[in-house]
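Take a look at the structure set out below.
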Amino acid sequence: MSEKNFYLTTPIYYVNDKPHIGHAYTTILGDVLSRCHRLLGEPVHFLTGTDEHGQKVEQAAKKNGTDPLTHCDTYVVRFQDLWKRLKISNDDFIRTTQERHIVIVQKILQDLWDRNLIYQSNYEGNYCVGCERYFTDKDLKDGCCPDCGRKVDRLVEKNYFFKMSAFQQQLIDHINAHPDFIRPANRRQETLGFLKQPLGDLCISRAKSRLSWGIELPFDNDYVTYVWFDALVNYISAVGYLADDAKFNTWWPANFHLIGKDILTTHTVYWPTMLMAMGLPLPMTVFAHGWWLIDDTKMSKSLGNVVNPMDMADKYGIDALRYFLMAAMPLGQDANFSEEAFVTRYNADLANNLGNLVSRACTMIVKNFEGKLPAACEATDAEKELLESCKNAAAAWESAIVNMQLDRGIGEIMAAANAANRYFDAMKPWAMAKAGDTAGLARVLRNTAEALRVISGLLYPVMPTKMTELRQAIGVAEDKIAPTMSNLAQWNLMEDGATVKVIEGSLFPRIKFEG
Ligand code: MSP
């Protein structure tokens, strides 16, 4: 794999429900990171998709009176439509019911079975239908599932097991030797803590008599495979494992598996041991972000506090939603979602700071220079702070991307927008216009436009639609609308005389919070 290629994945979402703001968050974050790496000039492959097998889907289909695949075909559209609306730039969308995925899962199962890495044995345990997991007696809470609290079924049955235990030490060694494998560091500690206990083997089969909606084991057609053993494989089946070597070698190992902290063990224990068994290199980083909470509690249907991303996008706009989600959550930590915080942030950063500057600068260029961008000129001492803060913002954004501190990076970009507003106010271009100081006026407006070019370019991965509008308004050439990092590190790159327009209404109209 070329060192520069960047392959990023999101979890594949269960299709049994409507996507909520948490799912939207992971996918938007994946999209922003993908766009950031494109900004850095790297070839990017961004994968998302849906996890369509398992008990929950089977049960949901039954409840709706349809067969599971029809159910999936109906529900998957909700995700695909939402991603389209949210301007998600995924290069592929995998569904685990696709043939390209099923055949690869079966090839892997057959290979591991042939090499005795999967074996058959009796299993006795407590099975939770809701969570699709077995629990030991010790795991249970008051005799019920420790995760969802439901009654568990006591089962003894023939099953198939993956020899996960054989890879415990190899996994520990890998985690210790690769500090970036599990990020942030507290999640690495969590997995290492989990690995202090002896690792058991993983039951990877489900009897068809109880669950038929899954991928059949190639060596026993009375069984389907455990949904996680199926789902995790999407990350390699989608890029051509055992099907298209050139493609696979281009993208694997993935640079980034983006996940929520709820699925840490499956991604940092099950998945790497599966890959070790297959003899494949491990992903470079599994990054677990925190949860969006409502008043410090997790969103759930039963509490009725689930935020629908479509509603937020309808009310406030797609880019405003993307901006808030990226700016307001320090990566790795939990954060509270509230509409009031959303509106406050929007008004402060987007309406009053950035949007206001765009409208002031464009209006004055249209009024005083017939909408033609004033020519580039030598920067003077007056521009020193402005240039510095734009340069800082570009450097800060680049390191924020690598260090997964997007909220801080956005803070630096907003600091540059603040500096540009300060510059504009201090220069008083309206007074220059009045006094007939055309050279001074041209200098201030050109430098403000350059600052806006840099700022909008840095924010382009976060707000692709609004920043396109901004860049068109200040006269960035059509072929430079999608920026590159190297352009953003330079000044005076726009064409003298480019056409500048005033955005009708305004780029970010102020919002009144209505509670
Ligand atoms: N299908 C599995 C993943 C298989 S990956 C091989 C699954 N799906 S899910 O639909 O439940 O989605 C889980 C993911 O959604 C979380 O890991 C997280 O990325 C995102 N979120 C769900 N709720 C969330 C919040 N409240 N806040 C932030 N993200 C959350 O698990």
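Per the working numbering, residue 858 is the first one in the sequence shown, and the count goes up by one each step. All C-beta atoms in this analysis are idealised placements derived from N, C-alpha and C, irrespective of residue type, glycine included.
query	result
Go ahead and pull the three-state DSSP assignment for A1192.	strand
For I945, name the three-state secondary structure that DSSP assigns.	coil
Taking 7 angstroms as the line, does the beta carbon of K1155 fall inside it for any heavy atom of ligand 1?	yes
Thinking C-beta only, is A1334 closer than 8 angstroms to E1352?	yes
Is the CB-CB distance between I1270 and A1095 below 8 angstroms?	no
Under the assumption that F903 contacts G887 (Cβ atoms under 8 angstroms), give the Cβ distance between them as a whole number of angstroms.	6 angstroms
Give me the Cα-Cα distance between V1357 and P1036, rounded to the nearest whole angstrom.	48 angstroms
Can we count Y1080 as close to ligand 1, meaning its CB is less than 7 angstroms from some heavy atom?	no
What does the alpha-carbon distance come out to for the pair V1259 and N947?	20 angstroms
Report the residue from H877, A1251, A1208 and T1341 whose alpha carbon sits nearest the alpha carbon of N1278.	A1208
Would the beta-carbon of A1283 fall within 8 angstroms of that of L1230?	no
Going by beta-carbon coordinates alone, are M1133 and Q1027 separated by less than 8 angstroms?	yes
Who does Y1080 pair with in a DSSP beta bridge?	A1064
Could you spell out the range, first to last residue, of the alpha helix (DSSP H) harbouring H894?	I878 to L896
Comparing the CB of P1187 with every heavy atom of ligand 1, is any distance shorter than 7 angstroms?	no
Measuring CB to CB, does L1115 end up less than 8 angstroms from T867?	yes
Could you name each continuous alpha helix (DSSP H) segment of 4 residues or more that falls completely within the stretch 1293 to 1325, going from the start of the chain to the end?	1295 to 1316
What's the C-alpha gap between N1091 and F1113?	14 angstroms
Nearest CA to the CA of G1212: which residue from L897, M1320 and E1073?	M1320
Using a Cβ-Cβ cutoff of less than 6 angstroms, which residues in the same chain neighbour K861 once the five nearest sequence positions on both sides are dropped?	E899
Near G1314, what residues of its chain come up, given a Cβ to Cβ distance below 6 angstroms and the 5 sequence neighbours on each side ignored?	P1340 and L1345
Are L1049 and I1032 closer than 8 angstroms when you measure CB to CB?	yes
Does G1332 come out as helix, strand or coil in the three-state DSSP assignment?	coil
Between the alpha carbons of D930 and V872, how many angstroms are there, rounded?	9 angstroms
If you reduce the DSSP assignment to three classes, tell me which class I1032 lands in.	helix
T905: beta carbon under 7 angstroms from a heavy atom of ligand 1?	no
Report the CB separation of V1164 from I878 in whole angstroms; it is logged as a contact under 8 angstroms.	4 angstroms
So, are the CB atoms of D1176 and T1322 less than 8 angstroms apart?	yes
By how many angstroms is the C-alpha of H1124 removed from the C-alpha of F1018?	18 angstroms
Report the three-state DSSP secondary structure of E1352 (helix, strand or coil).	coil
Hey, how far is the Cα of V962 from the Cα of W1085?	11 angstroms
What residues match up with A1273 in a beta bridge as DSSP calls it?	According to DSSP, A1273 bridges with nothing at all.
In chain order, which alpha helix (DSSP H) runs of at least 4 residues are fully inside the stretch 1126 to 1169?	1128 to 1135
Does the distance from the C-beta atom of Y1127 to that of Y1173 stay below 8 angstroms?	no
Does K1008 pass the burial test, meaning 16 or more other C-beta atoms within 10 Å, or should it be called exposed?	exposed
List the DSSP bridge partners of G906.	I869 and I951
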